[in-house]
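For the sequence shown, the positions run 7 to 310 when the numbering used here is used.
Glycine is no exception: its CB is placed at the ideal position from the N, C-alpha and C atoms.
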Amino acid sequence: MNQVHVQEVECLLALAEELHFGRTAVRLGCSQSRVSQLVAALERRVGVRLVERTSRRVELTRLGAQFVDEVRPAYESLIAVFAQARERAGRGALCQLRIGFHGSVYEEVTEAFRRLRTHHEVTMALSEIPLGSPFSAVLDSRLDAAVVELPVREAALTVGCRFPPQDRLLAVASSHPLAGADQVHVEALAGLDLLHPTGDAPDYWMVARVPRATPAGAPIRSTRGISSVQEGLALVAADDHHAMLVCRPLAERVIRSDVRYLLVEGLDAPSQMGLIWRTDRTTPQLAMLARLLHEEVGRAQLAR
């Protein structure tokens, strides 16, 4: 099958309609001898005579007619696929976006995905990315975009949508000495061992996740790394020595009896998510997704 040339099939299909080598040659823009060569080559590959040619007429053999009936739908389908691909390429269209995310995909995000699929025929291929590697898969083009925590200072990346800033809370075990309080002052972080993401994220991003010192200058310990939010919560719940900074939406959605969430008073930098993609890979579909996310996030804020 890998030896069959599409041109040979195309020639036979045209000849089956014209039943004339001269007209077929004109239709295909080649010589009559080239038409004869293509038909003969296809007959050799199939192993049977497909066309009968006399001085007066040209006609398909019975096996030739059967072959034409069977091969035509496959040929037309192949042509349609190429035409669709050219059309999409002409307008920069993608029928599927590969989207990465950290931790969880919230309702307003999934609703934007649903609208993009329903109204614009673009589906999502979702995959969770390591907590400490927010940019690599997008920069390497393994993903088209990702919903990650900001900030993003990479020149090669575009932030297409910024989610509203959210409070940062401290997750501790329900048995932790601080668990009985509703909030904790930021200076108390100096007495804790905060979990930090592990990965290849730039230093400025890592520091935004886990500050290295309190506003008063007291150092903050961070001796254990994690690759996912769920891993972090499990460590927090199982060990009073560890704590973790999380955003308010996660605390509201992930309720555990063995974990308490405390508001951190005096912590200036909020948590903020964003949709990012490579600037040189911007497409209408990514721009549309950013617009839909902006709309859904706005609706969610009004509902609250």
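Review point. Of the choices ARG40, PHE73 and GLU65, whose alpha-carbon is the least far from that of GLY53?
Key: PHE73
Exercise for review: Please list, in chain order, all residues of the same chain as GLN38 whose beta carbon is under 7 Å from its beta carbon, the five residues on each side excluded.
Suggested key: PHE27, GLY28 and ALA31
**Study point:** Distance between PRO217 and ASP146 (C-alpha atoms, nearest Å)
**Key:** 28 Å
Exercise for review: Report yes or no: do three or more beta-carbon pairs, one from the region 176-190 and one from the region 244-253, lie closer than 8 Å?
Suggested key: yes
Review point. Between which two residues does the alpha helix (DSSP H) containing THR30 stretch?
Key: 27-34
Practice item. Select from ALA306, ALA309 and ALA296 the residue whose C-alpha is nearest the C-alpha of LEU122. Key: ALA296
Check your understanding: Do you know how far the Cα of LEU176 is from the Cα of LEU201?
Key -> 11 Å
Practice item. Tell whether a beta-carbon distance below 8 Å holds between GLY272 and VAL153. Key: no
Point to revise | DSSP-derived helix/strand/coil call for HIS182 | key: coil
Review point. When the distance is taken between beta carbons, is LEU256 closer than 8 Å to VAL115?
Key: no
Check your understanding: Is it true that the CB of GLY280 sits closer than 8 Å to the CB of PHE169?
Key -> yes
Point to revise | Rounded Cβ spacing between GLN1 and LEU268 (contact assumed at less than 8 Å) | key: Any question about residue 1 goes unanswered here, given that the chain covers just 7 to 310.
Check your understanding: For HIS128, which of PRO79, CYS167, PRO290 and VAL303 has the nearest alpha-carbon?
Key -> Contrary to the premise, residue 128 reads as Val rather than His in this sequence. Nearest option by C-alpha distance: PRO290.
Check your understanding: Name the DSSP bridge partner or partners of ALA177?
Key -> MET250 and TYR267
Check your understanding: Helix, strand or coil for GLU117 per DSSP?
Key -> helix
Point to revise | Separation of LEU44 from ARG33, as counted between CA atoms | key: 14 Å
Check your understanding: Of all the options SER110, GLY109, GLY166 and LEU149, which has the alpha carbon lying nearest to the alpha carbon of LEU103?
Key -> LEU149
**Study point:** alpha helix (DSSP H) runs contained entirely in the region 131-167, provided each spans 4 or more residues
**Key:** 142-145
Review point. GLN172 lies in the alpha helix (DSSP H); which residues open and close that run?
Key: First-last for GLN172: undefined, no H or E at that position.
Check your understanding: Below 8 Å between beta carbons: does that hold for LEU239 and VAL270?
Key -> no
Check your understanding: Three or more beta-carbon pairs under 8 Å between the region 132-142 and the region 204-211, yes or no?
Key -> yes
**Study point:** Bridge-paired residues (DSSP) for HIS108
**Key:** Note: HIS108 sits in no beta bridge, so no partner.
Review point. Taking Cβ to Cβ, would you say ARG284 is nearer than 8 Å to ALA131?
Key: no
Review point. Does the distance from the C-beta atom of LEU137 to that of SER228 stay below 8 Å?
Key: no
Exercise for review: Sort out for me which residues DSSP pairs ASP199 with in a bridge.
Suggested key: ARG227 and HIS248
**Study point:** Option in VAL242, LEU21, ARG50 and CYS253 with minimal Cα separation from SER263
**Key:** VAL242
Review point. With a CB to CB cut of under 6 Å and the five nearest residues on each side skipped, what residues in its chain are close to MET250?
Key: ALA177, LEU201, GLY238 and VAL242
Review point. GLU312 and GLU117: beta carbons closer than 8 Å?
Key: Residue 312 lies beyond the residue range present for the chain, which begins at 7 and ends at 310; the question has no answer from this structure.
Check your understanding: First and last residue of the alpha helix (DSSP H) that includes GLU127?
Key -> Note, GLU127: premise wrong, no alpha helix (DSSP H); not H, not E.
Practice item. Quick one: grab the DSSP three-state call for VAL54. Key: coil
Review point. What residue does the alpha helix (DSSP H) around GLN291 start on, and which one ends it?
Key: 290-309
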